[in-house]
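Number of protein chains: 2
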Amino acid sequence: MQFTQGLHRAVQQQPNAIAVACRDRRRTFRELHDRVARLAGGLRGLGIARGTRVCILSLNSDRYLESYLALAWLGAVVNPANFRWSAPEVIYSLNDSDSVALIVDDQFAAMIEPIKAGTPGLKQVIFAGDGAVPAGTVGYEALIDGSQPVADVGAGGDELFGVFYTGGTTGKPKGVMLSHRNVLSSGLDVLAEGALPEGVIGLHAAPMFHLADMMLTIGLLLRGGRHIVLPVFRPDLLLDVIEAEQVTDLLLVPAMLQAFVDFPASKARNLGSVRRIMYGASPASEALLDRTQALLPQVSLMQVYGMTEMSAVMTALPPADHVTRTANRLRSGGRASYHVQVRIVDEHDVEKPRGEVGEIIAKGPNVMIGYLNKPEATAEALKNGWMHTGDMGYMDDAGYVFIVDRLKDMIISGGENIYSVEVENAASKHPAVAAVAVIGIPDAAMGETVHAAVVLKPGASLTQDELYAHCKQHIAGYKCPRSLEIREALPVSGAGKVLKTELRKPFWEGRDRGVG
Amino acid sequence: MQFTQGLHRAVQQQPNAIAVACRDRRRTFRELHDRVARLAGGLRGLGIARGTRVCILSLNSDRYLESYLALAWLGAVVNPANFRWSAPEVIYSLNDSDSVALIVDDQFAAMIEPIKAGTPGLKQVIFAGDGAVPAGTVGYEALIDGSQPVADVGAGGDELFGVFYTGGTTGKPKGVMLSHRNVLSSGLDVLAEGALPEGVIGLHAAPMFHLADMMLTIGLLLRGGRHIVLPVFRPDLLLDVIEAEQVTDLLLVPAMLQAFVDFPASKARNLGSVRRIMYGASPASEALLDRTQALLPQVSLMQVYGMTEMSAVMTALPPADHVTRTANRLRSGGRASYHVQVRIVDEHDVEKPRGEVGEIIAKGPNVMIGYLNKPEATAEALKNGWMHTGDMGYMDDAGYVFIVDRLKDMIISGGENIYSVEVENAASKHPAVAAVAVIGIPDAAMGETVHAAVVLKPGASLTQDELYAHCKQHIAGYKCPRSLEIREALPVSGAGKVLKTELRKPFWEGRDRGVG
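As they're listed, the protein sequences go chains A and B.
The first sequence runs 1 to 516 under our numbering.
The second sequence runs 1 to 516 under our numbering.
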């Protein structure tokens with residue numbers, strides 16, 4: 001399969017249907033096809049060919065979708081930059097991936113010069129914004145207008161589709177190499193799960209650089225659905241676009257779902273067009289799901305658990321489980337989806353009995369080619385032909401996978417394994433706590449002790465003793481926080497995950513934690 | 001992906017659910033898994049290893065399913081023999097594929113000795129029947145009982161899964177080499193089309209050796225559904241098993257659908273459990289579909305068009321099109337399914353305008369590796385990386401593909417192209433005609449002329465002049481039959497396709513038709 005095939009199929013079957021809408025721009029599949037073919041022609045004229053790496057640094061837009069398509073059309077390789085990155089981080093990805101061109105929008109125009117200065121290999125900058133085209137860059141619309149369409153080279157299968165930098169939560173970014181087959185197998189699987197059915201109008205609200213949203217991109221392309229693009233996530237803008245475009249399907253990270261559901265104005269709006277919400281990238285609480293169903297009783301919910309290295313999809317918790325709520329399944333990541341095999345294993349890759357915690361490993365057509373320029377990390381991750389996720393979890397008798405912690409976030413205190421997520425669940429029940437992250441900090445006697453970073457609810461207060469006493473009601477004493485820091489906010493990644501590496505940094509400076 | 005992964009997934013998620021029922025045997029997924037692991041152990045003891053080719057010659061049974069699974073478990077390669085073949089045809093496939101073992105049931109026990117005599121490379125015969133185990137063969141159940149389970153070797157991806165002989169309608173059989181990826185990509189696609197949903201109880205009524213039924217096998221395995229196995233297709237047996245097992249999903253060739261729907265007893269039975277019918281392998285008439293909906297108003301219908309070389313799935317006509325019946329879409333094979341790209345091209349592979357007839361070509365992860373031992377035929381079929389189906393058709397403005405004829409069945413008379421299917425459609429409207437096949441026969445002046453082979457309805461009669469006059473009302477005179485033969489029956493392949501090669505043989509003996 002090839003990334004562009006959904007576009008070819010859609011233009012064959014429904015050329016005059018609206019393919020994409022963003023801001024005041026709307027294009028049919030025929031128009032999208034034509035623009036992509038000409039953009040590809042223009043990019044080829046700038047020296048971009050099969051295998052060439054190109055970075056995109058942009059907020060969500062229809063041009064982001066076109067750029068993905070045009071690069072795949074040429075067999076070029078995309079490096080979608082996290083738009084929360086600083087210039088040095090973007091520069092790192094450009095140099096590491098040998099990117100020779102950068103597609104950038106207005107929002108990041110100020111970063112062009114610093115990036116150019118730090119990236120000797122960068123040959124071309126294409127400005128995909130709406131403002132005046134900066135000096136030394138090629139205007140995106142002028143490039144399309146001035147170029148002839150070229151034929152799709154037919155890149156696909158095991159060919160490299162993109163390099164997706166990950167690892168914000170665990171240190172130095174790693175470039176995950178994904179083939180066309182990788183991302184399309186997950187996309188087809190999502191359709192097999194019943195997501196994004198015929199007639200879907202899907203909203204890109206999560207960042208398009210992130211692989212979670214890539215599943216929406218590919219799923220919509222394969223199904224021939226409509227892409228609605230929200231440049232920046234903000235609850236009020238989300239409400240406007242849902243109503244205006246009659247959006248049927250949302251893909252959100254829990255932090256976005258929460259912002260949407262708890263936004264006061266949401267209740268007053270007509271959200272009846274929304275039929276399905278996919279969420280993932282981090283767990284959602286049952287309370288949040290309850291509030292979601294209260295606001296949107298007609299909506300069916302599906303959770304997807306995965307990671308960039310698995311092309312985003314590993315397990316799925318289907319809508320039925322959100323309705324029946326059997327046992328504690330809502331707290332699981334679901335069961336192995338159709339295209340993958342999932343196991344829980346010990347450190348020797350031997351399968352653990354059901355209910356026992358081990359590392360989650362998986363195998364399937366969606367498993368990455370490897371980490372770019374990191375043969376050792378690749379060999380370690382893909383040991384015995386299975387992706388070693390670094391997530392610790394257990395599986396129940398019906399195959400539901402419960403993630404208890406990141407292997408690297410697990411705290412070892414006095415020889416005991418403490419799963420930070422379990423402590424966080426206990427701490428978050430305290431009425432003063434708005435958000436909490438738990439980490440291990442160095443301790444001469446115990447190795448590590450449990451430390452909590454807490455964001456308080458407005459006007460609330462909390463002491464270490466109060467937090468400890470509260471947690472003690474829910475979990476064993478050795479798991480309860482021994483120290484507390486009150487923060488304005490927790491540092492989060494582009495995908496909404498708490499960056500525990502950042503929280504640990506002041507405590508571990510100059511020390512080796514062993515597990516990163 | 002690997003063929004066995006659906007079994008692993010099902011045993012992980014629902015070990016105690018019924019996996020398969022056949023005759024008086026019922027097994028859970030755990031039992032099926034255990035039997036397959038021990039059968040694989042037994043087969044390994046008989047010398048069957050990764051890459052070894054093994055033939056299965058059997059009616060449908062649970063053991064057929066187990067054999068498919070155990071061979072894939074070992075990384076062995078299956079050669080499922082058409083059970084309508086004569087011994088020489090089975091021998092041809094065994095020798096051509098280098099099969100060293102044969103799994104055979106009671107029905108074909110009499111063929112064992114002739115097959116052995118004609119196949120010097122055959123080392124082992126496993127008797128998977130219920131009767132007494134013939135001398136010189138290994139008993140299937142004893143093999144399972146006496147063997148230790150072995151681990152799945154993890155064969156998958158581009159590894160060879162099976163050699164499927166095809167070409168009954170066009171001469172010498174060709175061994176189509178299909179990888180695990182090939183068959184599983186079509187299986188996953190079928191789920192993406194919405195077929196075989198959660199809770200499915202699917203019936204193997206079509207022959208399990210045929211790749212059409214393989215889609216049911218893989219679809220059910222991936223979804224974790226129940227396999228009900230009907231050893232032999234007969235309408236009365238079909239009705240019994242639907243009622244007894246509460247079958248939800250059927251996959252039938254149109255000849256079977258017709259036999260089922262027109263069977264007088266069908267109306268008196270409780271068929272309310274049936275929710276979906278997939279049909280394909282050859283076109284179904286609108287009248288037959290009407291009768292199907294009259295008998296089973298609750299059923300949704302889906303057509304799949306494909307061929308062995310495409311792992312059975314190329315286009316799909318979804319249930320919605322059977323309800324809306326827009327334009328003449330019921331007469332099409334549907335539109336490109338999600339995993340494939342489909343085009344209509346001229347003899348230089350240049351895409352034809354919509355509505356114009358050309359060869360149907362396709363590309364996708366389901367396209368065969370090639371024809372075994374036939375590099376020239378492979379190169380011709382896979383020219384420019386696309387599968388050249390040999391089917392002539394056109395595409396409408398919404399991407400629906402209408403098959404007008406096999407390239408090889410097209411008649412060229414006085415320089416005009418005549419599509420046999422068009423003539424058959426006209427002829428079949430005559431009240432005396434029960435079935436009709438139209439072929440080209442040699443003619444000194446015209447090259448070929450149109451000849452009709454007709455099966456009459458009981459008590460009816462038909463003359464050549466009557467048939468010509470009738471057809472003339474529907475199609476141009478040069479397309480109307482110039483000669484007529486009345487037959488008791490038409491020769492058909494295992495998949496229910498009329499064997500035009502057989503019909504042409506007496507006319508073309510000793511001559512070269514050019515197109516086979």
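Virtual Cβ for every residue (Gly too), placed ideally from N, Cα, C.
Below-8 Å beta-carbon distance, residue i vs any chain A residue
i	result
B:Arg-521	In this structure chain B extends from 1 to 516, so residue 521 of chain B is not present and cannot be described.
B:Ala-76	no
B:Pro-365	yes
B:His-8	yes
B:Asp-189	yes
B:Leu-69	no
B:Gln-107	no
B:Gly-168	At B:Gly-168, the pLDDT of 48 sits below 50, so the modelled position is not reliable and the matter cannot be decided from this model.
B:Gln-293	no
B:Gln-298	no
B:Met-302	no
Nearest neighbour of residue i, chosen from the options [CA to CA]
i	options	result
B:Lys-267	B:Asp-290, B:Ala-294, B:Ser-285, B:Tyr-279	B:Ala-294
B:Leu-71	B:Ala-151, B:Pro-353, B:Met-368	B:Ala-151
B:Gln-303	B:Leu-296, B:Ile-475, B:Leu-317	B:Leu-317
A:Arg-291	A:Gln-13, A:His-322, A:Val-313	A:His-322
B:Met-387	B:Gly-393, B:Thr-378, B:Met-395	B:Thr-378
B:Glu-347	B:Glu-359, B:Pro-353, B:Val-340	B:Glu-359
A:Gln-2	A:Val-100, A:Asp-391, A:Gly-51, A:Val-183	A:Val-183
B:Ala-444	B:Ala-81, B:Gly-415, B:Asp-130, B:Tyr-419	B:Gly-415
A:Pro-442	A:Val-455, A:Ala-336, A:Trp-508, A:Gly-175	A:Trp-508
A:Ala-155	A:His-33, A:Ala-284, A:Val-498, A:Gly-75	A:Gly-75
A:Gln-473	A:His-430, A:Ala-434, A:Asp-512	A:His-430
Chain B contact for residue i (CB, 8 Å cutoff)
i	result
A:Tyr-583	Nothing about residue 583 of chain A can be reported from this structure: the residues present for chain A run from 1 to 516 only.
A:Arg-84	no
A:Ala-460	no
A:Gly-399	yes
A:Gly-202	no
A:Met-520	Outside the displayed range of chain A (1 to 516) lies residue 520 of chain A, so it cannot be described from this structure.
A:Ala-192	yes
A:Gln-246	no
A:Gln-124	no
A:Gln-464	no
Limits of the alpha helix (DSSP H) - the one that residue i falls within
i	result
A:Gln-258	254-261
A:Glu-425	Per the sequence shown, the amino acid found at residue 425 of chain A is Asn instead of Glu. Segment 420-427, the alpha helix (DSSP H) holding A:Asn-425.
B:Asp-290	286-295
A:Ser-186	180-192
B:Leu-467	464-472
For residue i, the first and last residue of its enclosing beta strand (DSSP E)
i	result
A:Arg-26	25-28
A:Pro-80	77-80
A:Asp-405	401-406
B:Thr-449	447-456
B:Phe-554	This structure does not reach residue 554 of chain B, given that chain B is present from 1 up to 516, and the question cannot be answered.
Minimum Cβ-Cβ distance from residue i to chain D less than 8 Å
i	result
B:Gln-5	The displayed structure is made up of protein chains A and B, and chain D is not among them.
Problem - Near-chain B residues of the segment 38-50 of chain A - C-beta to any C-beta below 8 Å - result: none
Practice task
Compile a chain-ordered list of the residues in the segment 137-166 of chain A whose CB is closer than 8 Å to at least one CB of chain B.
Solution key: Gly-154, Gly-157
Practice task
List in chain order: all unbroken beta strand (DSSP E) runs of 3+ residues lying wholly within the segment 208-233 of chain B.
Solution key: Note on the segment 208-233 of chain B: whole beta strand (DSSP E) runs with a minimum of 3 residues are 226-229, in chain order.
Problem - Cβ-based contacts, 8 Å cut-off: residues of the segment 196-223 of chain B near chain A - result: Result list: Pro-197, Glu-198, Leu-222, Arg-223.
Exercise for the section: Please name the residues in the segment 337-365 of chain A whose beta-carbon is closer than 7 Å to at least one beta-carbon of chain B, in chain order. Expected result: Tyr-338, His-339, Gln-341, Gly-364, Pro-365
Handout entry: Chain-ordered residues of the segment 376-393 of chain A with a beta carbon less than 9 Å from chain B
Key = Correct list: Gly-385.
Practice task
Output the residue ranges of the beta strand (DSSP E) runs that lie fully inside the segment 301-388 of chain B and measure 3 residues or longer, sorted by chain position.
Solution key: 315-317, 341-345, 358-363
Problem - Continuous alpha helix (DSSP H) assignments of at least 4 residues falling wholly in the segment 78-141 of chain B - result: Counting whole runs of 4 or more residues, the segment 78-141 of chain B contains the alpha helix (DSSP H) stretches 87-96, 112-118.
Problem - Selection of the segment 13-28 of chain B by Cβ proximity to chain A, strictly under 9 Å - result: Gln-13, Gln-14, Pro-15
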